[in-house]
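Participant: All letters in the sequence shown, in the order written, are residues 106 to 530 by our numbering.
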Amino acid sequence: MSNGAAVLSEDDIVNGCVLGPHGYVYRPPPPSKQLTIEMQVSVTECRNWREVLAVVENLGDLFDFRNTSTAVHRVAKSSVEAGEAQLAKSDHRFPRLLQLLRAKCKDLSAWGLSDATWGMAKMQCKDDEIFTRLSMRAQSIIQDLDPQGLAIVAWSFATVGRRDEALLSAIAVESRKKLDSFGVQNISNLIWANATLGVRSDALHADLLQESLRRLEDFTTQELAIVNWAFTKLAYPVGDEWKNAIRSRVLRLKEYAPSELSMIAWALATRGDYDPDLMAYIARRSMEIMRSFTGQNMATIVWAIATVSYKDDPSIDEFLRMAIGAITARSNEFQPLNIALISWGLAKLSFKAEAAFEALCDSAAAQIDAFVPQNLVQVMWACGTAGYKHEAFLRGAARVAKRTVDDFSSQHQSNFLWACARLGQ
Numbered sequence: 106m107s108n109g110a111a112v113l114s115e116d117d118i119v120n121g122c123v124l125g126p127h128g129y130v131y132r133p134p135p136p137s138k139q140l141t142i143e144m145q146v147s148v149t150e151c152r153n154w155r156e157v158l159a160v161v162e163n164l165g166d167l168f169d170f171r172n173t174s175t176a177v178h179r180v181a182k183s184s185v186e187a188g189e190a191q192l193a194k195s196d197h198r199f200p201r202l203l204q205l206l207r208a209k210c211k212d213l214s215a216w217g218l219s220d221a222t223w224g225m226a227k228m229q230c231k232d233d234e235i236f237t238r239l240s241m242r243a244q245s246i247i248q249d250l251d252p253q254g255l256a257i258v259a260w261s262f263a264t265v266g267r268r269d270e271a272l273l274s275a276i277a278v279e280s281r282k283k284l285d286s287f288g289v290q291n292i293s294n295l296i297w298a299n300a301t302l303g304v305r306s307d308a309l310h311a312d313l314l315q316e317s318l319r320r321l322e323d324f325t326t327q328e329l330a331i332v333n334w335a336f337t338k339l340a341y342p343v344g345d346e347w348k349n350a351i352r353s354r355v356l357r358l359k360e361y362a363p364s365e366l367s368m369i370a371w372a373l374a375t376r377g378d379y380d381p382d383l384m385a386y387i388a389r390r391s392m393e394i395m396r397s398f399t400g401q402n403m404a405t406i407v408w409a410i411a412t413v414s415y416k417d418d419p420s421i422d423e424f425l426r427m428a429i430g431a432i433t434a435r436s437n438e439f440q441p442l443n444i445a446l447i448s449w450g451l452a453k454l455s456f457k458a459e460a461a462f463e464a465l466c467d468s469a470a471a472q473i474d475a476f477v478p479q480n481l482v483q484v485m486w487a488c489g490t491a492g493y494k495h496e497a498f499l500r501g502a503a504r505v506a507k508r509t510v511d512d513f514s515s516q517h518q519s520n521f522l523w524a525c526a527r528l529g530q
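1. When you compare only the Cα positions, how much space is there between A503 and K453?
2. Could you tell me the distance, in whole angstroms, from the CA atom of H517 to the CA atom of A335?
3. Between S219, K283, A497, I421, which lies nearest to F262 when the distance is taken from Cα to Cα?
4. Is there contact here, the stretch 486–504 with the stretch 463–475, by at least three beta-carbon pairs under 8 Å?
5. Residues in its own chain within less than 7 Å of A385 by CB, not counting five upstream and five downstream?
6. Is it right to say K202 is buried, meaning 16 or more other beta carbons lie within 10 angstroms of its own, or is it exposed?
7. With a CB to CB cut of under 6 Å and the five nearest residues on each side skipped, what residues in its chain are close to N153?
8. Do T326 and L358 have their C-beta atoms closer together than 9 Å?
9. For the putative contact between N402 and A372, defined by C-beta atoms under 8 Å, what is the C-beta separation to the nearest angstrom?
10. What number of angstroms, rounded off, separates the C-alpha of G224 from the C-alpha of A176?
11. By a C-beta neighbour count over all protein chains shown, 10 Å radius and 16 as the cutoff for buried, is Q248 buried or exposed?
12. Whole angstroms are fine: how far does the CA of S286 sit from the CA of T149?
13. Are there 16 or more other CB atoms within 10 angstroms of the CB of D269, so buried, or fewer, so exposed?
14. Since A411 and W449 should fall inside the 8 Å C-beta cutoff, what is the C-beta to C-beta distance between them, to a whole number of angstroms?
15. Given this structure, state the Cα-to-Cα distance separating A277 from S293, to the nearest angstrom.
16. Could you check how far apart the C-beta atoms of F324 and V289 are, in whole angstroms? I think they sit under 8 Å.
17. Going by DSSP, what residue range makes up the alpha helix (DSSP H) through T175?
18. To which residues of the same chain is Y379 closer than 8 Å at the C-beta, ignoring the five residues directly before and after it?
19. Need the endpoints of the alpha helix (DSSP H) that V160 sits in, please.
20. For I235, does the three-state DSSP call read helix, strand or coil?
21. Could you round the C-beta distance between G489 and R527 to whole angstroms and report it? I think they count as a contact, below 8 Å.
22. Tell me which residue opens and which closes the alpha helix (DSSP H) that Y386 is part of.
23. For F424 versus L481, is the C-beta spacing smaller than 9 Å?
24. Just the C-alpha distance for V510 and S455, rounded to the nearest angstrom, thanks.
25. For Q315, tell me which candidate among A350, V304, R305 has the shortest Cα-Cα distance.
26. Would you check if the distance between the CB atom of I246 and the CB atom of S280 is smaller than 9 Å?
27. With respect to the alpha helix (DSSP H) encompassing H310, which residues constitute its N-terminal and C-terminal limits?
28. Return helix, strand or coil for E438, following the three-state DSSP convention.
29. Only counting the same chain, and skipping five residues up and downstream in sequence, which positions put a Cβ closer than 6 Å to that of D441?
30. Measure the Cβ-Cβ separation of M228 and K283 and say whether it is below 9 Å.
31. State yes or no: is the C-beta of D382 within less than 9 Å of the C-beta of L366?
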C-alpha cells in the first residue's frame, strides 16, 4: 500500500492479478499441486523452444518456480542445439519468460536454480536484475547445492562474464566441504569459472589440485586441458608433482580437439616450461587435425612454440611447414590478434615464410582499423624482423598509428619506430 492506494506486487503481476476500482485487487487462487504438475508436464513434453514459449504465453499465470526454471532450461537447450538462441531471445514471448523468472528467483530450489542459471548463461542472456536475484538466491541456499549445482552456478556466471565476489566466495567455501563428492567435470567447470573471471581462492585451489592429482586418470582430454589451463591462468603454483603428472597423462592420450591442444601448448609456454618432447608431441597431434584448426588454435600453438624458442625437433619444423600452407590459404579468416601472434611467432623463430607474411599482411591491411596498438606493433615488429615489406599494410599501419598514438606505450612507440627504420619507412 502507498498513501492508502492498492498496488500490485511483482508476484501479483506475473500471477495475473488485476487492480480493480476503489483499490480492489483481484487475486486468482494459487494453482493446486496437481495443476503445477500438469504445467510441468506441458513444458517437458514440448518438442522445441517455440512450443515452450507458447505454453509460457498461454499458461504462464499458472507457473510456479519449478515450471519457470524448467521452461528456461528447455528454451535454452532447444534453441542452442538448433543454433537459434538469438532467434529465441528476439521472440515476442521471451520477455514474458524473463518476467516470470525475475519474480520466481526468490523461491527457486537448488535444482531449479541450477537449471535457470545454466539456461540464462547458455543463451548469453545477460539480464542484470535476474543475475542479481539468482546470486542472492544461490547464497541463501548454498548449503542445498550439490557439487554439480555449485559448479554449474559458477560456470554460468563466468560464461556471461559476471564477476560476483560474494557468490564465488560462498561457492568456494561450500565446495571445499563437498569436494569428496565432486566429479571430474565438476572440478573442471569450477576451476574454469575461477580462471575465466580471474578469481583466485588459494584454499579451494589447493584442494582442487590435490583432488585433480588423485583423480587424474579419470579426466578426459577436455577436462585435463581445462584444469591445466586454469591453474596456469590463475598463476597458481602447481609444483613439480602436477607438472610431471600432467605431462605423463598428456603423452599417453591420443585423441585431442584443436582447442585442447592449444590450451595445453598455451599453459606450457605461459609457465615457461622448456619441454621439447611435450611440445613436439603437441605438434604431431596438431598436424593430424590441422584441417579443424581455427585461427585462434593456429595462433596459440605458433605463439607457444616461439615463446619457448624451440624449433629443433623435426616435428616442430614439419608442423610449421604445414602451418604455412594453412595460414596462406585461410589468412582472410583470421582476426587481428591471430595475425599478430602468428606473424610474431614466425619472425621470432626466424622461419622463412614469405608467402605466409604476404597473406597475413593482406588480411591485416583489409581490417587495419580493427587493430589495437599492441597487435599492430607486433605485426610491424614481425615484418621488420623478417625483413618483409608490404606497402598496403605499412600505409594502413601508419594511418592507424597516427590516429591512436595517444594509446601507444613507450615500448609500442619504440618498436614501431624501429620497424619503420628497418623497413626504410
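In this text, a Cβ means the ideal position worked out from N, Cα and C, and glycines have one as well.
Facilitator: With the given structure in hand:
1. Residue mapping note: residue 503 aligns to position 398 of the sequence shown, counting from 1. Residue mapping note: residue 453 aligns to position 348 of the sequence shown, counting from 1. Distance between the alpha carbons of A503 and K453 is about 23 Å.
2. For the purposes of this step, residue 517 is taken as residue 412 along the sequence shown, with counting starting at 1. For the purposes of this step, residue 335 is taken as residue 230 along the sequence shown, with counting starting at 1. Those two C-alpha atoms are separated by around 29 Å.
3. Counting from 1 along the sequence shown, the entry for residue 262 is found at position 157. Between F262 and the set S219, K283, A497, I421, the nearest pair of CA atoms involves S219.
4. Contact holds: three or more Cβ-Cβ distances are below 8 Å.
5. One-based indexing of the sequence shown puts residue 385 at position 280. Cβ neighbours of A385 beyond the five flanking positions: D418, S420, I421.
6. Counting from 1 along the sequence shown, the entry for residue 202 is found at position 97. Note on residue identity: the sequence assigns Leu, not Lys, to residue 202. Counting Cβ neighbours within 10 Å, L202 comes out buried, since at least 16 surround it.
7. Taking the sequence shown and counting its residues from 1, one reaches residue 153 at position 48. Residues of the same chain with a CB within less than 6 Å of the CB of N153, apart from the 5 flanking positions on each side, are S183 in chain order.
8. Taking the first residue of the sequence shown as 1, we reach residue 326 at position 221. Taking the first residue of the sequence shown as 1, we reach residue 358 at position 253. In contact: T326 and L358 (Cβ atoms closer than 9 Å).
9. Stepping through the sequence shown from its first residue, residue 402 is reached at position 297. Stepping through the sequence shown from its first residue, residue 372 is reached at position 267. With 8 Å as the limit, N402 and A372 do not qualify as a contact, their Cβ atoms being about 14 Å apart.
10. As a working note, residue 224 is residue 119 in the sequence shown. As a working note, residue 176 is residue 71 in the sequence shown. Each residue's Cα considered, the two are about 9 Å apart.
11. The count along the sequence shown starts at 1 and reaches residue 248 at position 143. Exposed, since its Cβ has fewer than 16 Cβ neighbours within 10 Å.
12. Locating residue 149 in the sequence shown gives position 44, where the first residue counts as 1. Locating residue 286 in the sequence shown gives position 181, where the first residue counts as 1. Distance between the alpha carbons of T149 and S286: 29 Å.
13. Translated into the one-based positions of the sequence shown, residue 269 becomes position 164. Here D269 is buried, its C-beta having at least 16 other C-beta atoms within 10 Å.
14. Within the sequence shown, the letter at position 306 stands for residue 411. Within the sequence shown, the letter at position 344 stands for residue 449. The pair is a contact, with the Cβ atoms about 7 Å apart (cut-off 8 Å).
15. Within the sequence shown, residue 277 is the residue found at index 172, counting from 1. Within the sequence shown, residue 293 is the residue found at index 188, counting from 1. Near 14 Å, if we compare the C-alpha coordinates of S293 and A277.
16. Reading the sequence shown from its first residue, position 219 is the one you call residue 324. Reading the sequence shown from its first residue, position 184 is the one you call residue 289. The pair is a contact, with the Cβ atoms about 5 Å apart (cut-off 8 Å).
17. As a working mapping, residue 175 is identified with position 70 in the sequence shown. It spans 170–186 - the alpha helix (DSSP H) in which T175 sits, taken as one unbroken run.
18. Numbered from its first residue, the sequence shown carries residue 379 at position 274. Cβ neighbours of Y379 beyond the five flanking positions: V413, Y415.
19. As a first step, residue 160 must be located in the sequence shown, where it is residue number 55. Where V160 is concerned, the enclosing alpha helix (DSSP H) stretches over 154–164.
20. Against the sequence shown, residue 235 aligns to sequence position 130. Three-state result, I235: helix.
21. Residue 489 sits at position 384 when you count from the first residue of the sequence shown. Residue 527 sits at position 422 when you count from the first residue of the sequence shown. That pair is a contact at about 4 Å.
22. As a working mapping, residue 386 is identified with position 281 in the sequence shown. Looking at the DSSP string, the run of the alpha helix (DSSP H) that includes Y386 is 381–393.
23. For the purposes of this step, residue 424 is taken as the residue at position 319 of the sequence shown. For the purposes of this step, residue 481 is taken as the residue at position 376 of the sequence shown. No, the Cβ-Cβ distance between F424 and L481 is not below 9 Å.
24. Your numbering for residue 510 matches position 405 in the sequence shown. Your numbering for residue 455 matches position 350 in the sequence shown. A straight-line Cα-Cα distance of about 29 Å links V510 and S455.
25. Mapped onto the sequence shown, residue 315 falls at position 210. That would be A350, whose Cα lies nearest to the Cα of Q315.
26. Counting from 1 along the sequence shown, the entry for residue 246 is found at position 141. Counting from 1 along the sequence shown, the entry for residue 280 is found at position 175. No, they are not a contact pair.
27. Numbered from its first residue, the sequence shown carries residue 310 at position 205. Looking at the DSSP string, the run of the alpha helix (DSSP H) that includes H310 is 307–319.
28. Start at 1 with the first residue of the sequence shown, and residue 438 comes out as number 333. Helix at E438.
29. One-based indexing of the sequence shown puts residue 441 at position 336. Note that residue 441 corresponds to Pro in the displayed sequence, not to Asp. These residues qualify, in order along the chain: A475, F476, N480.
30. Here residue 228 corresponds to residue number 123 of the sequence shown, with the count starting at 1. Here residue 283 corresponds to residue number 178 of the sequence shown, with the count starting at 1. Cβ atoms of M228 and K283: not closer than 9 Å.
31. For this step, residue 382 is matched to residue 277 along the sequence shown. For this step, residue 366 is matched to residue 261 along the sequence shown. Result no, Cβ atoms of D382 and L366 do not sit closer than 9 Å.
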